[in-house]
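Just below is one structure, and these are the notes that go with it.
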Amino acid sequence: MKRIAVLASGRGTNLEAILEAAARGDIAGEVALVISDRAEAQALERARRRRIEALYLNPKEYASREEYDQAMIEQLRAAQTDLVVLAGFMRLLSPLFVRTFPMQIMNIHPSLLPAFPGLDGVEQALEYGVKVTGCTVHFVDEGLDTGPVILQEAVPIIQEDTVETLHQRIHASEHRLYPAAIDLFCKDKLKVEGRRCIIID
Ligand code: GRF
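Going by our numbering, the first residue of the sequence shown is number 1431, and it counts up by one from there.
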């Protein structure tokens, strides 16, 4: 069984979807640790409710990004983490962190990358006026939302959409897509060749 750690700063609805999928047996791995950079993150509560180790690491207690990331690395190593899952984690990761877990960090982004990277992917798509957006699960490299794409799902934009209604539908799609991508990783079915992530049957 692969050991998964989830990093989250906020509501943690993706974390919840992952925990539910794992409990149903739809993910061939177990969530061993949840880390947050915010004490009040609902994500921590969600983990504790299921008796999963939930750790708050306060960025203010560390002198630099590298020191903070080093503290996370130590915790992740102690938990024998195979896969780091970013689920609404609002801190940029240092190159040190990314290099420590090559192709072992996943992120979910609320657009069809490479369109609308960075913050506000949902708002950017609405403002641009595209008719289809969606979400992307990708491996994390040293760029901003640039790593190899694992899975994507399209979400149509309707004329009446606001950022809230569109984000809601994208969230629903994320909650299906993220557990599926994590399950593929846990079953050793993902192989990265250059920019392409191949799914092995
Ligand atoms: C999601 O929309 C995800 O795409 C983005 O952050 C949000 C996290 O939401 N990276 P939640 O905390 O899982 O509800």
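Glycine is no exception: its CB is placed at the ideal position from the N, C-alpha and C atoms.
Three-state class that DSSP yields for residue i in the structure shown
i, result
"Y1608", "helix"
"T1563", "strand"
"Q1582", "strand"
"G1459", "strand"
"S1603", "helix"
"L1542", "coil"
"A1471", "coil"
"E1590", "coil"
"R1521", "coil"
"D1613", "helix"
"L1574", "coil"
"R1479", "helix"
Residues bridged to residue i (per DSSP)
i, result
"S1466", "Y1486"
"F1569", "M1536"
"E1623", "R1626"
"V1515", "V1436, M1536"
Where the beta strand (DSSP E) through residue i begins and ends
i, result
"R1433", "1432-1437"
First and last residue of the uninterrupted alpha helix (DSSP H) at residue i
i, result
"P1525", "1525-1530"
"L1556", "1551-1558"
"D1499", "1495-1508"
"L1445", "1443-1454"
Any C-beta of chain C under 8 Å from that of residue i
i, result
"L1614", "Reference to chain C is not applicable here, since this structure consists of a single protein chain."
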